[in-house]
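Structure, as structure tokens:
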Amino acid sequence: MENAHVVLRNVSRIYPGGAKQPPVHALGPLDLQLSAGEFFSVVGPSGCGKSTLLEVIAGLAPASEGTITFEGAPVEDSVPTGVGVVFQEDASFPWLTVEDNIAFGLRRMGVEKQEVRRRVEYAVDFMGLNEFAHAYPAQLSGGMRQRVCIARTLVMQPRLILLDEPFGALDQQTRLLMGDELLRLWRETGATVLLITHALDEAAMLADRVGVMSARPGRFIETVPTGWPRERDSRIVARPEFGTVTGRLWSLLREESIKALHRGK
Amino acid sequence: MGSRVNVLRCAVVASGFLLVEGLAHIGMIPRVMMIPPSEMTVALVRLLVSGTMNAHIALTLRNIGIALSSAIVLGFAAGATVHSLPRLRSILDPFFASYYSIPIFVFYPLFIVIFGMNSIPLIIMGFLSAVVAMIINTLNGLDRVPRVFRKTTRVFQMNRFRTVCFVILPAAAAHIFTGVKLAVANAFIGVIAAEFILSGGGLGYQISFAYFAFDNKNMYALIALTLALVTVINLTLFAWEKRLLTRMGRR
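Chains as they are written, first to last, in our numbering: chain A, 1 to 265; chain B, 1001 to 1251.
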């Protein structure tokens, strides 16, 4: 693939065992290439290693085997500059206001005060948080807190955004609307986006391509292109092709989900 | 709602005060046992104005201050160290859990033998009463820092020092503050109780002295002063904690 932004070759992750526990082969071996500016979603059964995949790409966890490169440079045991991560859990800092939360990373990196203010104002406006700029996370809903976390990532102007089930705790309507905002963010920033999700409709609505993973150890069974135009939003779910894409994803996932379910029993 | 509860709380305290006042005046509580609260207040004001107790008050507060500040600093440092060493923690956890079942006052005579009858044994008693509350609450606070916060600091490429200063400490602040609050109460108890047992000065010593001299006025005045000091300090800490917890969305 030309203009490959992120490349994974033969990557696997094995959690070392303890005194009485055998090692756990969580992921791979797998290959993946993301082109610059692409929106890629990953779906897979519970426990297949989706979050591990994200952590390995982000440099938050080392790969046991294989190589990962971001913009041509190897990713090892630290998060490369230009990579932003939004986690499933609420990662907003409860002792900081919305504005201070969003400015947190910029201030730690020593960005000039005026530039911090400019970027924070833009992000607050972009994420529709104007009314709550001086509120504390405890005063916000779950969806709004996740917006704060996305805004905190956005101001860092990442070239690769990794999202680990960021809308997992939200209701369906809010998820659809947050999906719209994410698509808008993706178009405006031009960043490459990798979204981990367990929701097939979310993956199908947002992504250019959806990678379907097997039960543990997670490998890509197939990558399904959605064929959506770049200008899209949640109304796409009403199109007949949307059903075809989600149907295809489910037909690939069903057997793997059954395997994962039986393993969990 | 909050102000109504506060009014009710004040009413409960005032009722108790008035009840004791009334019972003392009609003789149901003999004067040799207890003087009316109004007389305690007058005696306290006279005592403070005369300045005869100032040196003792200052001595007690100084000893509590030293015991408390060292318990907070060393308790926090010990808590943070133990938290970073899981094996050491698994060894020490049962000791921390059972610490307050040990009557540490049995060691007070030993400290007097070692250090003499001066402030050092008193400070040690205050320190020992306070330090473990600080260690336990530091451990609790650090345990409760969400893992996702640590991951976030790695995404922002923050080093260990900055992670601790800007994320770990603020995230654990509410629990650490609870440790400080308990340490304050325990340091007061440790120092004043030890002054009661054997000491040449301080509030506890003066209360004990007044008790043995049947000097009810001074004894109750000093008891009232001790209660007032602890109440003011606790109310201040409670207000800070409330602010902190409200901001953190825990209250």
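Glycine included, C-beta positions come from ideal geometry on N, C-alpha and C.
Being a predicted model, the structure only gives us computed values, none of them experimental.
- In the DSSP assignment, no residue is bridged to Ser78 (chain A).
- For Ser51 (chain A), the enclosing alpha helix (DSSP H) stretches over residues Lys50 to Ala58.
- Per DSSP, the beta bridge partners of Ser41 (chain A) are A:Leu195 and A:Val210.
- Inter-segment contact for the stretch 2-12 of chain A and the stretch 195-210 of chain A is absent: fewer than three beta-carbon pairs are separated by less than 8 Å.
- Only those residues of the stretch 1133-1159 of chain B whose C-beta falls short of 7 Å from the nearest C-beta of chain A are listed: Pro1146, Val1148, Phe1149, Lys1151, Thr1152, Arg1154, Val1155, Phe1156, Gln1157 and Met1158.
- Around the beta carbon of Thr1163 (chain B), 16 or more other beta carbons lie within 10 angstroms, which makes this residue buried.
- In this structure, Val1184 (chain B) places its C-beta atom within 8 Å of the C-beta atom of Leu1237 (chain B).
- Taking 8 Å as the cut-off, the Cβ atoms of Met109 (chain A) and Gln146 (chain A) do not count as close.
- Using a CB distance cut-off of 8 Å, Phe1166 (chain B) counts as an interface residue toward chain A.
- Under a 10 Å Cβ-count criterion, Cys149 (chain A) is classified as buried, with 16 or more other Cβ atoms of the shown protein chains found around its own Cβ.
- Where Val86 (chain A) is concerned, the enclosing beta strand (DSSP E) starts and stops at Val83 to Val86.
- The criterion of a C-beta distance shorter than 8 Å is satisfied by Leu27 (chain A) and Thr52 (chain A).
- Each of A:Leu60, A:Glu76 and A:Ala61 was checked against the Cα of Thr67 (chain A), and the nearest Cα belongs to A:Glu76.
- Judged by their CB atoms, Ala1080 (chain B) and Leu1182 (chain B) are not nearer to each other than the 8 Å cut-off.
- In this structure the stretch 33-46 of chain A does not touch the stretch 77-96 of chain A; the number of beta carbon pairs closer than 8 Å is below three.
- Scanning chain B for C-beta atoms nearer than 8 Å to the C-beta of Phe87 (chain A) yields Val1148, Lys1151 and Thr1152, reported in chain order.
- Per DSSP, Phe1156 (chain B) is not a residue of any beta strand (DSSP E), being assigned neither H nor E.
- When Cβ-Cβ separations below 8 Å define contact, Arg1162 (chain B) makes contact with chain A.
- When Cβ-Cβ separations below 8 Å define contact, Ala1172 (chain B) makes no contact with chain A.
- Residues of the same chain with a CB within less than 8 Å of the CB of Gly247 (chain A), apart from the 5 flanking positions on each side, do not exist.
- Under the 10 Å beta carbon count, Glu165 (chain A) is surrounded by 16 or more other beta carbons and is classified as buried.
- Sorting A:Leu140, A:Gln173, A:Gln139 and A:Ala207 by C-alpha distance to the C-alpha of Pro229 (chain A) places A:Ala207 at the top.
- The Cβ atoms of Ala191 (chain A) and Leu163 (chain A) lie no closer than 8 Å to each other.
- The residues Gly1201 and Gly1202, in chain order, have a CB closer than 6 Å to that of Leu1059 (chain B) in the same chain once the five nearest residues on each side in sequence are set aside.
- Inclusion of Ala1078 (chain B) and Gly1190 (chain B) in the CB contact set at 8 Å is not warranted, their separation being larger than that value.
- Closer than 8 Å to the CB of Val79 (chain A) there is at least one CB belonging to chain B.
- Annotation: His5 (chain A) is outside any alpha helix (DSSP H); the continuous beta strand (DSSP E) that includes it extends over Ala4 to Tyr15.
- The stretch 1218-1231 of chain B makes contact with the stretch 1030-1041 of chain B, as at least three CB pairs between them are under 8 Å.
- Partner residues in the beta bridge of Phe70 (chain A), as assigned by DSSP, are A:Val6 and A:Ala73.
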